Amino acid sequence: MKNAIEIKDLVKSYDNKFELGKISLTIPSGTIVGLIGENGAGKTTLIKLLLNIIKKDKGTIKIWNKDYLQEESNLKEEIGVVLDNMFFPEVLTPKDINSIMKDIYKKWDSNLYKNYLEKFKLPINKKINTFSKGMRKKLELATALSHNPKLLILDEPTSGLDPVIRKELLDIFLDFIQNEENTILISSHITTDLETIADKIVFIDQGRIVLDDNKDDLLEDYGILKCDIADFKTIEKQDIISYTKNKYYYEILIKNKEEKKKKYKEKTIDKITLENLMVLMIKGEK
Amino acid sequence: MLGLIKKDMLIIKGNLKFILIIFIIYTIISLQDNQIMSTILPVISTMSFISTFSYDEYNKWDAYAITIPKGRENVIKSKYISGIIINSLALMLTIAVAILTSINNNNSLKELLEISFITYYAMLLLQFIMYPIIFKYGVEKGRIAIFVGVFSTVMSLSILKKYIKIPKEIILLFTNHIHLIFLLAVIIILIPSYFVTRKIYQQKEF
């Protein structure tokens, strides 16, 4: 499978000591890759690096096997973007955006854009500052999709939206990926959204990638072993990735779930969710 | 780049009612023989144009603009071109009103045009000086920097005037060639201003 994005040994550091890297990551074409991690973990930094909004210190980034800086303009013709709170000045209207974008993107499709506006029930002549948060996100997405991009880079596209609108947006992402050439990189706090749509999960913590795996494998492989304080002492240390201590019981993050089920027959091992996995990996004791 | 120029024009279109009212008042007062009014339109249009930077900043447009093809390159070019277009449109309207005023009041058109052109050049100069500051430090700091800059220049000149006597020949030379001097100043400032601003934006992170 061809890779849409290849990142190798990427490093970005700031004066305040935050550092991203060394990050290496491949995103295959035709997949939805979910970026998860707590606030300030480096998700947005990674997305901004990919779009050259901020400059890398070291490393290489290739998009469809082309250097992202040498081929920047051509590559950006093929990339659609939804960023967190960064968009057109809100005194403009969706109609204005159409008029502007048709002179920016070679492949801008005004009809497609108008179809999206209709589908999302967005008024074409009203100023963006009269829109609700959900409407704005839909407009941003309509704008990102209307030049027929092959890669969508989305930073928190569903945050702050109600479940109905979120579901609508997720359906659009799934629709977009029906074309096997298309790829989505999406960062989100809402891990349930990623459980629904992502093929692959990349978990960033303190500027490092701590997990990079197929979502199904990940949810299949990891589990939560629940036991009381006395039983906790009987679990071998090498089997514990991390754990949290509640009032009455321990929650232990384990790997190779099926193997551990056989090993600790009398214990309960539950399925894991991405949220549990994230919390246990970040906040759990080791 | 045309798209980016359109974007600024569409933002200014939002202020069109306000500009139109000013224009009507300006025309009426000008026809009553008031030369000072020749400066109003270029000043208002420059202020209106500078407001596009505030809108951009408020919605973090600059970061989004980098994600479009040739974003880093064209954002700067388009700002310079849009600024010149807006000021030139204002100049054209000012000239039209100046012609009407001179017919109405039997005034010297030359004098009115002189004031209009000098204001036009001065507004362009102001913009070209502001751009690098705005792109480096943001529009609010840019405004403060310009205020401090203009205030300190005027103060220094008035203090200097007390102690240094400028020969009449130099004053005469300056007033006789005021158009050329201003035009040269605009060109001389434009070139470094553009390249410095472009450099700032090329390296800027959002």
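Protein sequences, first through last, are from chains A and D.
So the numbering used here is basically just the index in the first sequence, starting at one, shifted up by 887.
So the numbering used here is basically just the index in the second sequence, starting at one, shifted up by 7.
Idealized CB from N, CA, C, for every residue including glycine.
Since we're looking at a predicted model, the values are computed, not measured.
Query raised in the report: Is it the case that the Cβ atoms of Ser986(A) and Lys86(D) are separated by a distance below 8 Å?
Result: no
Query raised in the report: Is the number of C-beta pairs between the segment 1142 to 1149 of chain A and the segment 17 to 37 of chain D that are closer than 8 Å three or more?
Result: Output reads no: the segment 17 to 37 of chain D does not touch the segment 1142 to 1149 of chain A.
Requested in this report: Please report how far the alpha carbon of Asp1086(A) lies from the alpha carbon of Gly78(D), in whole angstroms.
Outcome: 31 Å
Query raised in the report: What's the gap between the Cα of Asn1069(A) and the Cα of Glu965(A)?
Result: Taking the straight line from one Cα to the other gives about 10 Å.
Report task. State whether the segment 901 to 918 of chain A contacts the segment 953 to 962 of chain A, with contact taken as three or more CB pairs (one from each stretch) at a distance under 8 Å. Result -> no
Query raised in the report: Using a C-beta to C-beta distance shorter than 8 Å, which residues of chain D count as neighbours of Lys942(A)?
Result: Gln210 and Glu212
Report task. Pick out whichever of Ile151(D), Val157(D), Phe142(D) and Leu27(D) has its Cα sitting closest to the Cα of Leu132(D). Result -> Val157(D)
Requested in this report: Establish whether the CB of Asn111(D) and some CB of chain A are separated by less than 8 Å.
Outcome: So, not an interface residue.
Query raised in the report: Which parts of the segment 1066 to 1131 of chain A are runs of the alpha helix (DSSP H), unbroken and 4 residues or longer, counting only runs that do not cross its ends?
Result: Runs of the alpha helix (DSSP H) inside the segment 1066 to 1131 of chain A: 1078 to 1084, 1102 to 1108 and 1116 to 1119.
Query raised in the report: In chain A, which residues lie less than 8 Å from Ile18(D) when you measure between Cβ atoms?
Result: Pro976, Val978 and Leu979
Query raised in the report: With burial defined as no fewer than 16 other Cβ atoms inside 10 Å of the residue's Cβ, what is the status of Asp63(D): buried or exposed?
Result: buried
Query raised in the report: Leu1088(A) and Asp1100(A): beta carbons closer than 8 Å?
Result: With the sequence shown as reference, residue 1088(A) is identified as Ile, and Leu is not the correct amino acid for it. Yes, these two residues count as a Cβ contact at 8 Å.
Requested in this report: Quick one: residues in its chain with C-beta nearer than 6 Å to the C-beta of Val968(A), no 5 flanking neighbours on either side, listed in chain order?
Outcome: Here the set comprises Ala1031 and Ile1040.
Query raised in the report: What did DSSP end up calling Ser911(A) once you bin it into helix, strand or coil?
Result: strand
Query raised in the report: Hey, is Leu1175(A)'s beta-carbon within less than 8 Å of any beta-carbon in chain D?
Result: Because residue 1175(A) is not part of the residues shown, which for chain A are 888 to 1173, the question remains open.
Query raised in the report: What residue from Leu1061(A), Asp1092(A) and Asn1066(A) has the CA that sits closest to Asp1080(A)'s CA?
Result: Leu1061(A)
Requested in this report: Run down chain D in chain order and give the residues with a C-beta less than 7 Å from the C-beta of Asp830(A).
Outcome: Outside the shown range of chain A, which is 888 to 1173, sits residue 830(A), and nothing can be said about it.
Requested in this report: Please list, in chain order, all residues of the same chain as Asp1104(A) whose beta carbon is under 7 Å from its beta carbon, the five residues on each side excluded.
Outcome: none
Report task. Could you tell me if Tyr144(D) is buried or exposed, where buried requires 16 or more neighbouring beta carbons within 10 angstroms of its beta carbon? Result -> exposed
Requested in this report: Check whether the Cβ of Asp1126(A) sits closer than 7 Å to any heavy atom of the ligand ADP, and report yes or no.
Outcome: What this structure holds is no ligand at all, so the ligand ADP is not there to describe.
**Report entry** For Glu1172(A), the residue or residues it bridges with in DSSP
**Finding:** Tyr1130(A)
**Report entry** Coarse secondary structure for Ala72(D), derived from DSSP in three states
**Finding:** helix
Query raised in the report: Is there contact here, the segment 101 to 116 of chain D with the segment 158 to 174 of chain D, by at least three beta-carbon pairs under 8 Å?
Result: no
Requested in this report: Determine the chain A residues that contact Lys13(D) at a beta-carbon separation under 7 Å, and present them in chain order.
Outcome: Within chain A, the residues Ser986, Ile987 and Asp990 have their CB atoms less than 7 Å from the CB of Lys13(D), given in chain order.
Requested in this report: Return the CA-CA distance between Leu1009(A) and Leu979(A), expressed in angstroms with no decimal places.
Outcome: 14 Å
Query raised in the report: DSSP beta-bridge partners for Ser900(A)?
Result: Glu906(A)
Report task. With distances taken Cα to Cα, identify the nearest neighbour of Gly929(A) among Lys904(A), Val1051(A) and Gly1021(A). Result -> Of Lys904(A), Val1051(A) and Gly1021(A), the smallest CA-CA separation from Gly929(A) is found for Lys904(A).
Query raised in the report: Of all the beta strand (DSSP E) runs that stay within the bounds of the segment 74 to 155 of chain D, which reach a length of 3 or more residues?
Result: Complete beta strand (DSSP E) runs here, min 3: none at all.
Requested in this report: Would you mind giving the Cβ-Cβ distance between His1076(A) and Glu1043(A), rounded to the nearest angstrom? I have them listed as a contact below 8 Å.
Outcome: 7 Å
Report task. Using a threshold of 8 Å, state whether the C-beta atoms of Lys1147(A) and Asp1118(A) are closer than that. Result -> no
Query raised in the report: Would you say the segment 932 to 950 of chain A touches the segment 994 to 1003 of chain A, given that touching needs at least three Cβ pairs under 8 Å?
Result: no
Query raised in the report: Do three or more CB pairs link the segment 83 to 97 of chain D to the segment 47 to 62 of chain D at distances below 8 Å?
Result: yes
Requested in this report: Answer with yes or no whether the minimum CB distance from Val920(A) to chain D is below 8 Å.
Outcome: no
Report task. Report all residues from its chain with a CB closer than 7 Å to the CB of Gly1171(A); omit the five preceding and five following residues, and keep chain order. Result -> Here the set comprises Ser1129, Tyr1130, Thr1131 and Leu1140.
**Report entry** For Asp944(A), the three-state DSSP class (helix, strand or coil)
**Finding:** coil
Query raised in the report: For Gly921(A), which beta-bridge partners are listed by DSSP?
Result: Beta-bridge analysis with DSSP links Gly921(A) to Ile1073(A) and Ile1088(A).
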